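K.L.:
Per the numbering used here, numbering of the sequence shown is gapless, rising by one per residue and ending at 651.
First the structure, which I've put down as structure tokens, then a few questions once you've had a look.
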Amino acid sequence: MTVKPLASPGTGPHDADILRMSQIRMKFGSVEVLRDVNLTLRRKEIVGLLGANGSGKSTLIKVLAGFNSPQPGSVVRLWGEDLPLPLNAARIRQMGVAFVHQHLALIPSLSVVDNMLISDTSRRPYGIKWRAERRKIAALMAEFDLDIDPDAMVETLSPVERAFVAIVRAFAELRRSDAGRAGEGILVLDEPTPFLSVADVEKLFTVLRNIRSTGASVIIVTHDIDEVLALTDRVAVMRDGRLAAMMKTKDTSRQQILDTIVGRAIAAYVRAPRPAPTKRNVTIEALTGGRCKGFDADLKAGEILGVTGLIGSGFADVPYLLFGAMQGSGHIKIGDTYLDAENLPPATAHAAGIALLPGDRMGQGGVGSLSVTENATFLALPRMRRGPGLSHGMMRRATAGLIADHDVRPANPDADLGNLSGGNQQKVLLGKWLAEAPKLLCLDEPTQGVDYGARQQIFAALDHAAAQGMSILVASTDHEQLAQLCDRVVVFWRGRPVMTLAGKDVEKDRIARVCLGSGLPDTETPHQTEVFA
Numbered sequence: 119m120t121v122k123p124l125a126s127p128g129t130g131p132h133d134a135d136i137l138r139m140s141q142i143r144m145k146f147g148s149v150e151v152l153r154d155v156n157l158t159l160r161r162k163e164i165v166g167l168l169g170a171n172g173s174g175k176s177t178l179i180k181v182l183a184g185f186n187s188p189q190p191g192s193v194v195r196l197w198g199e200d201l202p203l204p205l206n207a208a209r210i211r212q213m214g215v216a217f218v219h220q221h222l223a224l225i226p227s228l229s230v231v232d233n234m235l236i237s238d239t240s241r242r243p244y245g246i247k248w249r250a251e252r253r254k255i256a257a258l259m260a261e262f263d264l265d266i267d268p269d270a271m272v273e274t275l276s277p278v279e280r281a282f283v284a285i286v287r288a289f290a291e292l293r294r295s296d297a298g299r300a301g302e303g304i305l306v307l308d309e310p311t312p313f314l315s316v317a318d319v320e321k322l323f324t325v326l327r328n329i330r331s332t333g334a335s336v337i338i339v340t341h342d343i344d345e346v347l348a349l350t351d352r353v354a355v356m357r358d359g360r361l362a363a364m365m366k367t368k369d370t371s372r373q374q375i376l377d378t379i380v381g382r383a384i385a386a387y388v389r390a391p392r393p394a395p396t397k398r399n400v401t402i403e404a405l406t407g408g409r410c411k412g413f414d415a416d417l418k419a420g421e422i423l424g425v426t427g428l429i430g431s432g433f434a435d436v437p438y439l440l441f442g443a444m445q446g447s448g449h450i451k452i453g454d455t456y457l458d459a460e461n462l463p464p465a466t467a468h469a470a471g472i473a474l475l476p477g478d479r480m481g482q483g484g485v486g487s488l489s490v491t492e493n494a495t496f497l498a499l500p501r502m503r504r505g506p507g508l509s510h511g512m513m514r515r516a517t518a519g520l521i522a523d524h525d526v527r528p529a530n531p532d533a534d535l536g537n538l539s540g541g542n543q544q545k546v547l548l549g550k551w552l553a554e555a556p557k558l559l560c561l562d563e564p565t566q567g568v569d570y571g572a573r574q575q576i577f578a579a580l581d582h583a584a585a586q587g588m589s590i591l592v593a594s595t596d597h598e599q600l601a602q603l604c605d606r607v608v609v610f611w612r613g614r615p616v617m618t619l620a621g622k623d624v625e626k627d628r629i630a631r632v633c634l635g636s637g638l639p640d641t642e643t644p645h646q647t648e649v650f651a
């Protein structure tokens, strides 16, 4: 099929809708997950698709991608043509709809160039001219101001580099499509920004605006309301499988969007006032490894300490060094126990009272193909024995308590963890560690890909744990999260901690400015400086 260029806005019948999804209904078993959803997209438009975890956003996108089969009566109209359902994934791509899915769909054991061309090999019966393709991909990376080697193995790339490889691959697919050759196309991004720094998010937004200026359109699925307000033309909000609202961004406030997502007015979680912690619980000396160079810190019992900075500045390595999940050096005192970070197996760190909830929750923190019960009780299995085997009754009772305490939905201990929304997966994995009552809980991006309501529940759970005397270290690029949650925030710059913010300085804009180098005492030879209110 060849797609003819569309008329300019306001000059033809295609002006209103280049894509129309109407009465989209879908069930998983007996559960209705999409209920008569109507979504439209116009030429040269960016639409933000928001909603709580489990609201149906990704399910709707997978209908468009041909992964999910909707119920009879659903209609998808693209470029003025009603398409047979379920959609054919290959045909959708050929017609000019390119996707970047939440889990990127990259193969770590292959190179960048292999991943870039993996969907194109079947259309090249005479083989691929690898040298020429490497040059094209290098030029494409340069076009987006990316320094990524086409021959690099994806497993060696940072999370942000992997995200950009997936995004650039989608752009390339779009250009090769029928619509792309006609100067049209639709790019669909499902949660593309969790791994991106502030600077990288702005780089992505610049690329998307340039794509729009050429005639293409964009759907971006995200939890970040500020991103939607900064980038989009319209906002579509999903709630409970329905399209709750479609609003012009310029006429909409942040609070309106938030209230529409939740279905009621909701306030941010506010930590209850309590005396400043005084008892030292954890001492970290000269912690070094990865990109982290010489981190010193004291954490008091009941204190939440944030570490942050630009991507690659070293802060993200701190939780993994403390847990022994990354080779490093330095010393850790936790309670009366001394640990050498150079020879620290995770089992030893765990036995000493250190816990780690990694940023890649399903790749490193949980097992999606196992049940909620199996994930929730994994650490507690030695306490779940009855005679020579495990007591499944004890496991289910413990899981039922975790589900109730953390409001995990659905409240089904037998559900596979991978079938839960991102926020509910995180609540299960966090609850698993909190049940161990560690002395030091380390978290990497704890609310990445988690909706606003679940974020507040996670904040409340961490605050409650801190009130019981637990020390908590949070590594994050989410400055709003750090400001809402932390007592102090350490900012890293070029591998080293350069400034600690406390009191009234633990504020979103202040943290962001310091991360970008504003106000540092000496950015060439950084040293750690305390800043108090």
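Glycine included, every Cβ here is placed at the ideal spot set by N, Cα and C.
None of the values given here were measured: they were computed from a predicted structure.
If we count Cβ pairs, one from each stretch, closer than 8 Å, do we get three or more for the stretch 501 to 508 versus the stretch 528 to 541?
P.N.:
no
K.L.:
Who are the near neighbours of E648 in its chain, counting only those whose CB is closer than 6 Å to its CB and skipping five residues on each side?
P.N.:
In this predicted model, E648 has a pLDDT of only 42, less than 50, meaning its place in the structure is not dependable; the value taken from the coordinates is given anyway. Contacts found: T618.
K.L.:
May I ask you to list the residues that DSSP assigns as paired with F413?
P.N.:
According to the DSSP secondary-structure assignment, F413 is paired through a beta bridge with L405.
K.L.:
If we count Cβ pairs, one from each stretch, closer than 8 Å, do we get three or more for the stretch 563 to 579 versus the stretch 398 to 411?
P.N.:
no
K.L.:
Do G174 and Q141 have their beta-carbon atoms positioned less than 7 Å apart in this structure?
P.N.:
no
K.L.:
Who are P615's beta bridge partners in DSSP?
P.N.:
F610
K.L.:
Please say whether E163 and D358 have beta carbons closer to each other than 7 Å?
P.N.:
no
K.L.:
May I ask you to verify whether the stretch 441 to 456 touches the stretch 545 to 565, counting CB pairs closer than 8 Å and requiring at least 3?
P.N.:
Yes: the two stretches touch, three or more of their Cβ pairs being nearer than 8 Å.
K.L.:
For L137, which option in V151, T158, V230 has the closest C-alpha, if you only look at C-alpha atoms?
P.N.:
Its Cα nearest to that of L137, the residue T158 stands out among V151, T158, V230.
K.L.:
Would you list, in sequence order, the uninterrupted alpha helix (DSSP H) runs of no fewer than 4 residues that lie entirely inside the stretch 498 to 561?
P.N.:
Within the stretch 498 to 561, the runs of alpha helix (DSSP H) at least 4 residues long that lie entirely inside it are, in chain order, 510 to 524, 540 to 552.
K.L.:
Shortest alpha-carbon distance to R614 belongs to which of L201, R514, I429?
P.N.:
Taking only the C-alpha atoms, the option nearest R614 is I429.
K.L.:
What residue does the alpha helix (DSSP H) around Y438 start on, and which one ends it?
P.N.:
Following the DSSP letters along the chain, one finds Y438 inside the alpha helix (DSSP H) bounded by residues 436 to 441.
K.L.:
Tell whether a beta-carbon distance below 7 Å holds between A348 and M364.
P.N.:
no
K.L.:
With contact counted as at least three CB pairs below 8 Å, one residue from each stretch, are the stretch 294 to 303 and the stretch 265 to 281 in contact?
P.N.:
no
K.L.:
Helix, strand or coil for H468, going by three-state DSSP, please let me know.
P.N.:
Look at H468 here: in three-state DSSP terms it is helix.
K.L.:
Given G172, which residues of its chain have a CB within under 6 Å of its CB, disregarding the five upstream and five downstream residues?
P.N.:
S539
K.L.:
Apart from the five residues just before and just after V632, which ones in its own chain have a Cβ nearer than 6 Å to its Cβ?
P.N.:
V609, M617
K.L.:
Given 8 Å as the limit, is there contact between the stretch 367 to 382 and the stretch 412 to 432, that is, 3 or more CB pairs closer than that?
P.N.:
no
K.L.:
Return helix, strand or coil for S335, following the three-state DSSP convention.
P.N.:
strand
K.L.:
For Y570, does the three-state DSSP call read helix, strand or coil?
P.N.:
DSSP places Y570 in helix when its eight states are reduced to three.
K.L.:
For the beta strand (DSSP E) containing V149, list its first residue and its last residue.
P.N.:
149 to 159
K.L.:
Terminal residues of the continuous beta strand (DSSP E) containing L361?
P.N.:
Start and end: 360 to 366.
K.L.:
If contact is defined by three or more beta carbon pairs under 8 Å, each pair taking one atom from either stretch, is the stretch 183 to 197 in contact with the stretch 205 to 218?
P.N.:
yes
K.L.:
Does the beta-carbon of K545, which I'm using as the reference point, lie nearer than 6 Å to any heavy atom of the ligand GTP?
P.N.:
Of ligands this structure carries none, so the ligand GTP is not represented either.
K.L.:
Count the other CB atoms, across all protein chains shown, that sit within 10 Å of the CB of D265; report buried if there are 16 or more and exposed otherwise.
P.N.:
exposed
K.L.:
For the candidate residues S509, A494, M512, whose alpha-carbon lies nearest to that of I521?
P.N.:
Cα-wise, what sits closest to I521 is A494.
K.L.:
Could you check the C-alpha separation between P243 and H219 for me, to the nearest Å?
P.N.:
Low confidence applies to P243: its pLDDT is 48, below 50, so where it sits in the model is not reliable enough to give any reading.
K.L.:
Among G635, R612, Q602, which residue has its Cα nearest to the Cα of V624?
P.N.:
Q602
K.L.:
Excluding the 5 residues preceding and the 5 following D525 in the sequence, name in chain order all residues of the same chain whose CB lies nearer than 8 Å to its CB.
P.N.:
K545, Q575
K.L.:
Mind reading off the beta-carbon distance from D562 to P437? Whole number of angstroms is fine, and I expect it under 8 Å.
P.N.:
5 Å
K.L.:
In three-state DSSP terms, what is F496?
P.N.:
coil
K.L.:
Identify the continuous alpha helix (DSSP H) that holds R280 and give its terminal residues.
P.N.:
277 to 294
K.L.:
Just how far apart, CA to CA, sit L548 and G412?
P.N.:
Going by C-alpha positions, L548 is about 28 Å away from G412.
K.L.:
Could you tell me the distance, in whole angstroms, from the CA atom of R606 to the CA atom of A620?
P.N.:
5 Å
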